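Numbering-wise, the sequence shown is residues 6 to 345 according to this note's numbering.
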Amino acid sequence: MAAKDKYILLGHGSGGKLSHELLREVFLRHFSNPELNRLTDSALIEAGETDLAFTTDAFVVEPLFFPGGDIGKLAVAGTVNDLAVSGATPLFISSSFIIEEGFSLDDLEKIVKSMAMEAGQAGVKIVAGDTKVVNKGKCDKLFISTSGIGLIDKGHKHISTGNLIRPGDKIIINGSVGDHGMAVMAAREFLNFRTDILSDCASLNHLIKKAMQCSSQIHFMRDATRGGLSTVLAELAEDKKFGIVIEESAILVRENVRGMCELLGYDPLYVANEGKAVMVVSEDDASAVVDTLKNDPLGKEASIIGEVVDNHHGIVWVNTVIGGKRILDMLAGEQLPRIC
């Protein structure tokens, strides 16, 4: 961060360039250690024959209830997915609640019930937690923090770092992009939108397990949350000795999502998802992985959207639907605040 930037901006929570600057120039400067410095979705910790994956997250979505989910489902699914895309089997979650005085007890119970349902479906247990209540006006209704722990086979530890990626590998995503961000935006009362867009919020661990059983050549996975698909790919290519080429025509964007993005001036490739995993798979196994994903409801629209190439190192190129080319970079500021 430049010396003149003395205050936290919304963009520092975007998951894009400002977030990376904050992470590297403040947190890593003081917290630096080998596990944290990998900057993966989960920390991988040596623990005997089977290692541990450990992750933490915080959820401040506004509104708390949105089409396709709520802050409770989001908290569990987000934590499960951070573990699963690291190649781990999620097992246990802790959750802490910061609640504003005057918050509806009925709404709290709805959210807790939603968390229990999502955890049950994902096959994880919520085993620890904490509750704090703050004075009215000192937080916005309800914030949830979660941590998750899982087991990871030593043979899968490369997945979160992507250090086995090589030219020729295919880029796969398990469905449409932009649904979550636009569903949350449409639910915000001040925008007064009426749409049928549903968030894709879901735990992906069972889907990912099927893919990993299908192929031992999955070289990288990450969930495309804040900053969307573009930020995942830009992070992946950054400073690497390979480039990435994406075919825009192969990326599914639902018409209602595309229409709302056009109306609000957003690029759907940068809009947050909460049920989409980006995978980099060897050319030999890519079709089999897509076929496996398509047999699961959460992956029925899976497709190959691009490939890793041995030129324009460090850069993500998009071949656009109108025959042009453009570069995908990390999100520069905050496109949609309070989205997760």
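Heads up, the beta-carbon is just placed ideally off N, CA and C, and yes, glycines get one too. For clarity, every value in this text was computed on a predicted model and none was experimentally measured.
According to the neighbour-count rule (16 or more other Cβ atoms, all chains shown, within 10 Å of its Cβ), is F225 buried or exposed? As a first step, residue 225 must be located in the sequence shown, where it is residue number 220. By the Cβ-count criterion, F225 is buried, with 16 or more other Cβ atoms from all chains shown falling within 10 Å of its own Cβ.
Option nearest G180 by Cα separation, candidates I50, D111, E279 and V31: Start at 1 with the first residue of the sequence shown, and residue 180 comes out as number 175. When each option's Cα is compared against that of G180, the closest is E279.
Neighbourhood of T61 by C-beta, 6 Å cutoff - its chain only, sequence neighbours within 5 removed: The residue you call residue 61 lines up with position 56 of the sequence shown. Same-chain partners within the cutoff: S152.
In its own chain, which residues sit with a C-beta less than 8 Å from the C-beta of K78, not counting the 5 before and 5 after it? As a working mapping, residue 78 is identified with position 73 in the sequence shown. Within the same chain, K78 has close Cβ partners S119, M120, M122, E123 and C206.
Can you check DSSP and say which residues form a bridge with S152? Along the sequence shown, one-based indexing puts residue 152 at 147. Beta-bridge pairing links S152 to T61 and S99.
Output the boundary residues of the alpha helix (DSSP H) element that contains L234. On the sequence shown, position 229 is the one that residue 234 refers to. Unbroken alpha helix (DSSP H) run through L234: G233 to A242.
Close-in-space but distant-in-sequence residues of the same chain around A80 (CB under 6 Å, 5 per side omitted): Residue numbering aside, residue 80 sits at position 75 when the sequence shown is read from its first letter. Annotation for A80: F64, I149 and T151 place their beta carbon closer than 6 Å to its own, counting only its chain and skipping 5 residues before and after.
Length of the line joining the Cα atoms of L234 and D112: The sequence position of residue 234 within the sequence shown is 229, counting from 1. The sequence position of residue 112 within the sequence shown is 107, counting from 1. Distance between the alpha carbons of L234 and D112 is about 32 Å.
Pull the bridge partners of F71 from the DSSP assignment, please. Walking along the sequence shown from the start, residue 71 turns up at place 66. Bridge pairing for F71: G74 [DSSP].
May I ask you to report which of helix, strand or coil DSSP gives I297? On the sequence shown, position 292 is the one that residue 297 refers to. This sequence places Thr at residue 297; Ile is not what is there. If DSSP states are grouped into helix, strand and coil, T297 belongs with the helices.
So K137 is in the beta strand (DSSP E); what residue range does that whole segment cover? Working through the sequence shown from its first residue, we reach residue 137 at position 132. Run containing K137: K130 to V139, per the beta strand (DSSP E) assignment.
Select from M265, V90, A192 and K137 the residue whose C-alpha is nearest the C-alpha of H161. Residue 161 sits at position 156 when you count from the first residue of the sequence shown. Residue V90 is the option with its Cα nearest to H161.
Continuous alpha helix (DSSP H) assignments of at least 4 residues falling wholly in the region 166-245: If we require 4 residues or more, the alpha helix (DSSP H) runs fully inside the region 166-245 come out as 184-192, 210-219 and 233-242.
Start and end residues, beta strand (DSSP E) containing E252: Position 247 of the sequence shown, counted from the first residue, corresponds to residue 252. Looking at the DSSP string, the run of the beta strand (DSSP E) that includes E252 is G248 to E252.
L341 beta carbon less than 8 Å from that of A277: One-based indexing of the sequence shown puts residue 277 at position 272. One-based indexing of the sequence shown puts residue 341 at position 336. Yes, the Cβ-Cβ distance between A277 and L341 is below 8 Å.
Would you mind giving the Cβ-Cβ distance between V139 and I103, rounded to the nearest angstrom? I have them listed as a contact below 8 Å. The residue labelled residue 139 in the question sits at position 134 within the sequence shown. The residue labelled residue 103 in the question sits at position 98 within the sequence shown. With 8 Å as the limit, V139 and I103 qualify as a contact, their Cβ atoms being about 6 Å apart.
Are I4 and V285 touching if we call contact CB-CB under 8 Å? Outside the shown range of the chain (6 to 345) lies residue 4, about which nothing can therefore be said.
Could you pull out every residue in the same chain whose Cβ sits closer than 7 Å to the Cβ of F71, ignoring the five residues on either side in sequence? The sequence position of residue 71 within the sequence shown is 66, counting from 1. Counting only Cβ-Cβ distances below 7 Å, and skipping sequence neighbours, we find A188, V189, A192 and S204.
For A255, which residues from the same chain have a beta carbon less than 6 Å from its beta carbon, with the 5 sequence-adjacent residues on both sides left out? As a working mapping, residue 255 is identified with position 250 in the sequence shown. Excluding residues within five positions, the ones whose Cβ falls inside 6 Å are S308 and I310.
Go through its chain and collect everything with a Cβ distance to A293's Cβ below 6 Å, but skip five positions before and after it. As a position in the sequence shown, residue 293 is number 288, starting the count at 1. The beta carbon of A293 sits closer than 6 Å to the beta carbons of C219 from its chain, once the five residues preceding and following it are set aside; these are given in chain order.
Coil, strand or helix - D158 by DSSP: The residue you call residue 158 lines up with position 153 of the sequence shown. If DSSP states are grouped into helix, strand and coil, D158 belongs with coil.
Quickly, what does DSSP pair R331 with across the bridge? List them, please. By one-based count along the sequence shown, residue 331 stands at place 326. Looking at the DSSP assignment, R331 forms a beta bridge with V323.
For a quick check, are the C-beta atoms of G83 and E339 less than 8 Å apart? Locating residue 83 in the sequence shown gives position 78, counting from the first residue. Locating residue 339 in the sequence shown gives position 334, counting from the first residue. Taking 8 Å as the cut-off, the beta carbon of G83 is found no closer than this to the beta carbon of E339.
Taking DSSP as the reference, what is the three-state secondary structure of A282? The sequence position of residue 282 within the sequence shown is 277, counting from 1. Here A282 carries a strand assignment [DSSP, helix/strand/coil].
Just to confirm my understanding: we take A127, look at its own chain, exclude 5 residues before and 5 after, and list those with CB closer than 8 Å. What are they? Indexing the sequence shown from 1 puts residue 127 at position 122. Closer than 8 Å at the Cβ level, and outside the excluded window around A127, lie V81, A82, V85, P95, S208, N210 and H211.
Use the C-beta contact count for H318: other C-beta atoms within 10 angstroms, 16 or more gives buried, fewer gives exposed. In the sequence shown, residue 318 corresponds to position 313, counting from 1. Around the beta-carbon of H318, fewer than 16 other beta-carbon atoms lie within 10 Å, marking it exposed.
Between the Cα of D228 and those of R199, I164, E288 and N197, spot the shortest distance and give me the residue it belongs to. Numbered from its first residue, the sequence shown carries residue 228 at position 223. Ranking R199, I164, E288 and N197 by Cα distance to D228 puts I164 first.
So, is the C-beta of S208 closer than 8 Å to a C-beta in chain E? In the displayed structure, chain E is absent; only one protein chain is listed.
Considering E312, what are the terminal residues of the alpha helix (DSSP H) in which it resides? Locating residue 312 in the sequence shown gives position 307, counting from the first residue. Premise fails: E312 lies in the beta strand (DSSP E), S308 to V314, not in any alpha helix (DSSP H).
Determine the contact status of D184 and R231, defining contact as a CB-CB distance below 8 Å. By 1-based counting over the sequence shown, the position of residue 184 is 179. By 1-based counting over the sequence shown, the position of residue 231 is 226. At a Cβ-Cβ threshold of 8 Å, D184 and R231 do not count as neighbours.
Residues of its chain near R43, where Cβ-Cβ distance is below 8 Å and the 5 sequence neighbours each way are ignored: On the sequence shown, residue 43 is found 38 positions in, with the first residue counted as 1. Same-chain partners within the cutoff: L49, S165 and T166.
Which residues does DSSP pair with L49 in a beta bridge? Position 44 of the sequence shown, counting from 1, holds the residue named residue 49. DSSP lists A58 as partners of L49.
N197: which of I76, I327, M265 and I332 sits nearest, CA to CA? Position 192 of the sequence shown, counted from the start, is the residue given in the question as residue 197. Ranking I76, I327, M265 and I332 by Cα distance to N197 puts M265 first.
Which residue's Cα is closest to the Cα of K330: I251, L269 and R263? The residue given as residue 330 occupies position 325 in the sequence shown. Considering only I251, L269 and R263, the residue with the shortest C-alpha distance to K330 is I251.
Give me the residue from P172, D75, I332 and R343 with the minimum Cα distance to E288. In the sequence shown, residue 288 corresponds to position 283, counting from 1. Among P172, D75, I332 and R343, the Cα nearest to that of E288 belongs to P172.
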